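Okay, structure first, notes after.
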Amino acid sequence: MDQMEASCVEFLDLSGIEEQERAWILTSLHTSNPKIKLPWIKTSEVYFCDETTTYTNGEPLSSSTNHDCNNERQHTNGVPSSNHNTIDDSNSHEATSTAKSWASLFNKVGSVANSESPIKNQTPSIVVPPKSDVKLTKHVNVSLKEPFKSNLDDPNLIRMGEFLSTFTIDNRIISLQPRGLINRSNYCYINSILQAILACPPVYNLLCGLSENTTPSTEKKRITPTIDSMTKFVREFNHLPAGMRVGRRLDKNQKKEHNVLINCDTPFEPLWFHKLLSGVRSDTFVIEGRQEDAEEFLCCLLNGLNDEMLELMKLVDTNGFNHTELSFSSDEDKEWQVMGPKNKGAITRRTEFSRTPISDIFGGSLRSRLHRSGDQSTDNIQPFFTLQLNIEKTTTVREALDILVCKNQLEGVTSSKTNEEVEAWQQVTLEELPLVLVLHLKCFDYKLDGCSKIMKALEFPIDLKIESKMLSLKSNYTPKEKQYKLFAIVYHEGKEATKGHYVTDAYHVGYASWVRYDDASVKAIPEEHVLNPLGTRVPYLLFYRRSDSLNKK
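553 is the number that full-length UniProt numbering gives the last residue of the sequence shown; the numbers go up by one with no jumps.
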């Protein structure tokens, strides 16, 4: 349901709809129009996700995000599917809403690459933009969320907003003294993600800059809790002394030392993250004795950072302090006609959003194309933070990427002109490559009778090349921009989906070695141990940096 349609709704009968679907629809409606009657009011307080539901990989955070075999919720691919709803041109009008936050863009959809439901006789109309600017963005009045409205004169918030509005990505390499994280409960999913993010220079430099533009507060409840937690976290780490750093190797073929001595700082427990997550949902991340999901936490963390940064940037824009223009889309989704090779037209629908430094680092986008013989192709462009790959039928990450972008033949699709069944296919390609590419390897297989862990040796490379066939025709990247370097891996250990342990391996520039972070335990490991995990340990999240951002001093 579009926001401009939702704004006209006063009451909606959702009888017969599943509870999770009802909650998602009603939350969206209530965000669009406070007059909407809510027969099912959510009573639990959402702390850092603010007024809207935080979405992760295509669906809202459910009441149970762990790998629970009793949970029949399908873990979606994170690959947005095309929105081919019929559009009536005669009733179209321009919406006045501002651009969506990044978190709200993850629609509750399944994988287009594995869709089993046929698409029947759907005929999107052609909307040609008045200008060649395909984003069709324009400046509109920016509405702030509570409690930002009541803190317009907060110097801390203003300084952070000014910093974010003028920030450019800083890729300078960092070398921190490793430090373990204490785990007194079941918080390995938190510790593993924090260590992986800490190994990412642009994120660390961004958080350090934010830390320098704010002062500690004694308030019990800050309105930027995610940012505050992350800046507090990076302040716990010191730079590695120059005398401890390993010199650069002149001979690339020189045998690497396997027993590198790691000088670690004292382990600590990031308790403020436990308190932060206790306000997200009463039963999402805080129930002890339950297997939690590291990828869910990563997306929740990135969405929280992104939404808080967006509000800070809007706060500065409202006060007239911003030094760079912020574009806020006037429509939730834009649609236009694009002429391709040989004058072949395609209807393209793009989900607009307002960018922040976090989305500039992790944000990519996918183009999903639906083609029907005799009809114009329909494209849908949507963003992602993590790119999810099915690994059930593959043995390598490269094969999983090939499967992601392969054409999928559709059955039961009819022509909009003759109403007869025609040949049709659907394909996903990469539209925008992120600075940091996070690959989510779907090692948990969800079926109607429960879920299980896919146990297999999966080959993944240190150097990953994005082939031209994986990119949309509109993408124009240099060879270096299509090359990625692995810098962190989060593994899941254990035979079962309902329990296990998360461990992170991250490359440490100062020691010129891979370092394993197993909660409070920190040690150097050889590269072959990284690429060939033993026992029940399987790679779950792969973190890559784009090569054009490397070697920045």
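Here a beta-carbon is modelled for each residue, glycine too, at the ideal position from N, C-alpha and C.
Model, not experiment: these values are computed from the prediction.
Between the CA atoms of residue j and residue i - distance to the nearest angstrom
i, j, result
"Tyr446", "Ser452", "7 Å"
"Val260", "Ile462", "20 Å"
"Gly304", "Ile525", "33 Å"
"Val203", "Trp514", "19 Å"
"Glu420", "Asp375", "12 Å"
"Arg235", "Ser472", "41 Å"
"Thr348", "Thr536", "44 Å"
"Lys482", "Gly363", "15 Å"
"Leu534", "Glu392", "19 Å"
"Ser365", "Gly243", "42 Å"
"Cys188", "Met160", "30 Å"
"Arg372", "Ala424", "4 Å"
"Asp518", "Asn263", "16 Å"
"Leu302", "Gly412", "39 Å"
"Phe460", "Leu531", "7 Å"
"Met230", "Cys208", "9 Å"
"Ala497", "Asn551", "39 Å"
"Glu162", "Thr394", "47 Å"
"Lys465", "Asp402", "12 Å"
"Phe384", "Gln427", "16 Å"
"Ile454", "Leu277", "29 Å"
"Gly510", "Ser377", "50 Å"
"Val246", "Arg516", "17 Å"
"Cys200", "Ile173", "9 Å"
"Ile358", "Leu486", "19 Å"
"Val522", "Leu312", "36 Å"
"Leu206", "Gly450", "41 Å"
"Tyr484", "Ser211", "29 Å"
Best match in the options for proximity to residue i [C-alpha to C-alpha]
i, options, result
"Leu176", "Ile197, Glu162, Leu312", "Ile197"
"Val438", "Asn191, Asp317, Ile262, Leu389", "Leu389"
"Thr429", "Asn213, Glu467, Met455", "Glu467"
"Cys406", "Tyr517, Leu370, Glu295", "Leu370"
"Pro178", "Ile361, Pro241, Leu312, Lys469", "Pro241"
"Glu432", "Thr478, Ile190, Ser211", "Thr478"
"Phe233", "Gln195, Pro201, Asn213", "Gln195"
"Met470", "Ile381, Glu527, Ser547, Arg367", "Arg367"
"Thr386", "Glu296, Gln409, Pro357", "Glu296"
"Leu404", "Pro434, Thr418, His440, Asp360", "His440"
"Ile381", "Ser475, Thr168, Leu410", "Ser475"
"Thr215", "Asn156, Val522, Leu206, Trp272", "Asn156"
"Ile190", "His274, Phe237, Ile169, His239", "His274"
"Gly180", "Ala400, Asn238, Glu399", "Asn238"
"Ser354", "Glu308, Glu399, Asp379", "Glu308"
"Cys443", "Asp449, Asn408, Lys495, Thr418", "Lys495"
"Asp154", "Ser211, Glu212, Arg222, Phe167", "Arg222"
"Asn151", "Ser211, Asn213, Phe167, Lys314", "Lys314"
Residue i, DSSP secondary structure in three states
i, result
"Phe163", "helix"
"Pro383", "strand"
"Glu392", "coil"
"Leu542", "strand"
"Thr524", "It should be pointed out that residue 524 corresponds to Ala in this sequence rather than to Thr. Looking at Ala524 - three-state DSSP - the assignment turns out to be strand."
"Ala242", "helix"
"Val436", "strand"
"Leu152", "coil"
"Phe460", "coil"
"Leu550", "coil"
"Ser354", "coil"
"Tyr189", "helix"
"Ser416", "coil"
"Leu366", "strand"
"Asp445", "strand"
"Asp228", "helix"
"Cys208", "helix"
"Arg398", "helix"
"Lys485", "strand"
"Glu292", "coil"
Contact belief for residue i with residue j at Cβ below 8 Å, rounded distance in angstroms
i, j, result
"Pro267", "Ala520", "4 Å"
"Ser165", "Val316", "5 Å"
"Arg545", "Val436", "6 Å"
"Asn269", "Ile182", "Residue identity differs from the one stated: residue 269 is Glu in this sequence, not Asn. With a Cβ gap of about 4 Å, Glu269 and Ile182 count as contacting."
"Asn171", "Ser415", "Between Ser415 and Asn171 the Cβ distance is about 50 Å, and since that is not below 8 Å, they are no contact."
"Thr356", "Leu310", "5 Å"
"Ala294", "Ser192", "5 Å"
"Ile169", "Ile361", "6 Å"
"Lys480", "Ser547", "5 Å"
For the structure I just gave you, are there three or more beta carbon pairs, one from the stretch 537-552 and one from the stretch 491-509, closer than 8 Å? They touch, by the three-pair rule.
If contact is defined by three or more beta carbon pairs under 8 Å, each pair taking one atom from either stretch, is the stretch 483-495 in contact with the stretch 222-237? Two segments are said to touch when three or more pairs of C-beta atoms, one from each, lie closer than 8 Å; by this definition the stretch 222-237 does not touch the stretch 483-495.
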